[in-house]
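Enquirer: So that we are looking at the same thing, I have put the structure below in structure tokens.
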Amino acid sequence: MKYAIDMHLTDTPREKPTDESKLGFGRIFTDHMFLMDYSRKDGWTNGRIVPFGPLPIHPASTVFHYGAEIFEGMKAYRLKDGSVQLFRPLENVRRMNNSARRMCLPVLDEEGALEIIKTVVRVDQDWVPHQVGTSLYIRPFMFGNDPHLGVHAVENAVFCVIMSPVGAYYAEGINPVKIAIETEDVRAVRGGTGEAKCGGNYAASLRAGEKAEKEGFTQVLWLDGVERKYIEEVGSMNVMFKIAGKIVTPKLTGSVLPGITRKSCIQLLRDWGYEVEERLVSAEELFNAAKDGTLEEAWGTGTAAVVSPIGELYMDGREFTVCGNKIGPVTQKLYDELTGIQWGLKEDKYNWTCKL
Ligand SMILES: *Cc1c(COP(=O)(O)O)cnc(C)c1O
Numbered sequence: 063m064k065y066a067i068d069m070h071l072t073d074t075p076r077e078k079p080t081d082e083s084k085l086g087f088g089r090i091f092t093d094h095m096f097l098m099d100y101s102r103k104d105g106w107t108n109g110r111i112v113p114f115g116p117l118p119i120h121p122a123s124t125v126f127h128y129g130a131e132i133f134e135g136m137k138a139y140r141l142k143d144g145s146v147q148l149f150r151p152l153e154n155v156r157r158m159n160n161s162a163r164r165m166c167l168p169v170l171d172e173e174g175a176l177e178i179i180k181t182v183v184r185v186d187q188d189w190v191p192h193q194v195g196t197s198l199y200i201r202p203f204m205f206g207n208d209p210h211l212g213v214h215a216v217e218n219a220v221f222c223v224i225m226s227p228v229g230a231y232y233a234e235g236i237n238p239v240k241i242a243i244e245t246e247d248v249r250a251v252r253g254g255t256g257e258a259k260c261g262g263n264y265a266a267s268l269r270a271g272e273k274a275e276k277e278g279f280t281q282v283l284w285l286d287g288v289e290r291k292y293i294e295e296v297g298s299m300n301v302m303f304k305i306a307g308k309i310v311t312p313k314l315t316g317s318v319l320p321g322i323t324r325k326s327c328i329q330l331l332r333d334w335g336y337e338v339e340e341r342l343v344s345a346e347e348l349f350n351a352a353k354d355g356t357l358e359e360a361w362g363t364g365t366a367a368v369v370s371p372i373g374e375l376y377m378d379g380r381e382f383t384v385c386g387n388k389i390g391p392v393t394q395k396l397y398d399e400l401t402g403i404q405w406g407l408k409e410d411k412y413n414w415t416c417k418l
């Protein structure tokens, strides 16, 4: 099903950034954005592409008081021939619908939502940067927008897509990060909203992130919220370990976000002949593996960084170095393969990419 899209394009397009090495992340936005309204009575209506700018929102809107908000994160990549492609965009649409169901927000037709994303990127495709490693970050999001304070499943919502040209994540080379296992705060619990991509999960994780940063760490490694024993994610990335030749990653218990990079890595690794175990991984197992030398590599996975090698691990006064604090061969191979497919430099035998 296609959604009708009214076009209200700007008469005053802005200068595009000339120095693509200074883009950073999510600070500059393109000329346009997509908006569409939902009401229980009329469904999705008024799909429109409008000049990028502030949204008028009622002060009683559900999103401000009860946190009804979900989002996605994906990228558009500029190829050598000048064309633009997306990476597994239908996976993002499906995950957004799963997040919507968890938060009592309305779902979108899959094909229709994909067409919206392609259309709005097409309108601003000149904003997709060209320099190696740069991309256009696409942020679809949805929020409950009932203009009253009663607590109930939302009756009105807004779906929005904004876009931001972003710099190369590893402009200074891939440097392993220093990680602290968080033993106080938890990010999510089974039955909670951990498997939904919602703003509230992020709000709840900021304190531990702040604390870790103050103590000289880059990210926190989250433990499960019930037993406080099992590894779940690293910062806002999924996490994988190579232990004695096998790849081990926390299974999707309900409190882990089902990452698309995670899913893609698992498929690549299995096709390369690695055994990949999706199971519970305790912090204790990790430290024992680090101690006896079988923890060969550790890395996070996510759209922004693709992979992020973990060089140092810390918990309760114990500290370990992983892979000599260098990126390991499997981590590097995953990075090369995925970025190769995303920027059209390697064969895409899985049909993961999608031209605009
Ligand atoms: C988005 C996200 C990820 C990574 O998902 P990708 O689809 O690989 O980008 C992992 N963990 C959390 C908490 C996230 O929000």
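Residue numbers for the sequence shown follow the working numbering, beginning at 63 and rising by one. Don't be surprised by glycine CBs; every beta carbon is placed ideally from N, CA and C.
1. Do three or more CB pairs link the segment 386-397 to the segment 339-347 at distances below 8 Å?
2. Which one or two residues does DSSP pair with Gln-281 in a beta bridge?
3. Given the structure, does Asn-154 come close to ligand 1, in the sense that its CB is under 8 Å from one of the ligand's heavy atoms?
4. Who pairs with Leu-375 in a beta bridge, going by DSSP?
5. Tell whether a beta-carbon distance below 9 Å holds between Ile-293 and Ile-309.
6. Just list the beta strand (DSSP E) runs in the segment 87-169, keeping only unbroken ones of 3 residues or longer that don't cross its boundaries, in chain order.
7. Under the rule that 16 or more other beta-carbon atoms within 10 Å means buried, what is Tyr-65, buried or exposed?
8. Grab me the residues of Arg-150's own chain with a C-beta within less than 6 Å of its C-beta, minus the 5 sequence neighbours each way, in chain order.
9. What residues in its chain sit with their C-beta under 8 Å from that of Trp-189, if we drop five residues either side in the sequence?
10. Could you tell me whether any non-hydrogen atom of ligand 1 is closer than 8 Å to the CB of Leu-357?
11. Check for me: the beta strand (DSSP E) holding Leu-357 runs from which residue to which?
12. Less than 8 Å separating the Cβ of Asn-263 from some heavy atom of ligand 1?
13. Along the chain, where does the alpha helix (DSSP H) that runs through Glu-177 open and close?
14. Any contact between the segment 146-160 and the segment 98-107? By contact I mean 3 or more CB pairs, one from each, below 8 Å.
15. Return helix, strand or coil for Val-213, following the three-state DSSP convention.
Expert: Result, derived from the coordinates:
1. no
2. Translated into the one-based positions of the sequence shown, residue 281 becomes position 219. DSSP lists Ile-241 as partners of Gln-281.
3. As a working mapping, residue 154 is identified with position 92 in the sequence shown. Yes, the beta carbon of Asn-154 sits closer than 8 Å to at least one heavy atom of ligand 1.
4. Your numbering for residue 375 matches position 313 in the sequence shown. Looking at the DSSP assignment, Leu-375 forms a beta bridge with Ile-241, Phe-382.
5. For this step, residue 293 is matched to residue 231 along the sequence shown. For this step, residue 309 is matched to residue 247 along the sequence shown. Contact: no.
6. Runs of the beta strand (DSSP E) inside the segment 87-169: 94-101, 105-113, 131-133, 136-140, 146-149.
7. For the purposes of this step, residue 65 is identified with residue 3 of the sequence shown, where counting begins at 1. In the assembly as shown, Tyr-65 is a buried residue. Its beta-carbon has 16 or more other beta-carbons within 10 Å.
8. As a working note, residue 150 is residue 88 in the sequence shown. Closer than 6 Å at Cβ, skipping near neighbours: Ile-322, Trp-414.
9. Indexing the sequence shown from 1 puts residue 189 at position 127. Correct list, in chain order: Lys-78, Thr-92, Asp-93, Leu-198, Met-225, Pro-227.
10. One-based indexing of the sequence shown puts residue 357 at position 295. Answer for Leu-357: no, Cβ out of range of ligand 1.
11. Taking the sequence shown and counting its residues from 1, the one referred to as residue 357 is at position 295. 357-364 is the span of the beta strand (DSSP E), which, as asked, contains Leu-357.
12. Stepping through the sequence shown from its first residue, residue 263 is reached at position 201. Yes.
13. Here the question's residue 177 lines up with position 115 in the sequence shown. Glu-177 -> alpha helix (DSSP H) spans 172-185.
14. no
15. One-based indexing of the sequence shown puts residue 213 at position 151. Note: Val-213 maps to coil in three-state DSSP.
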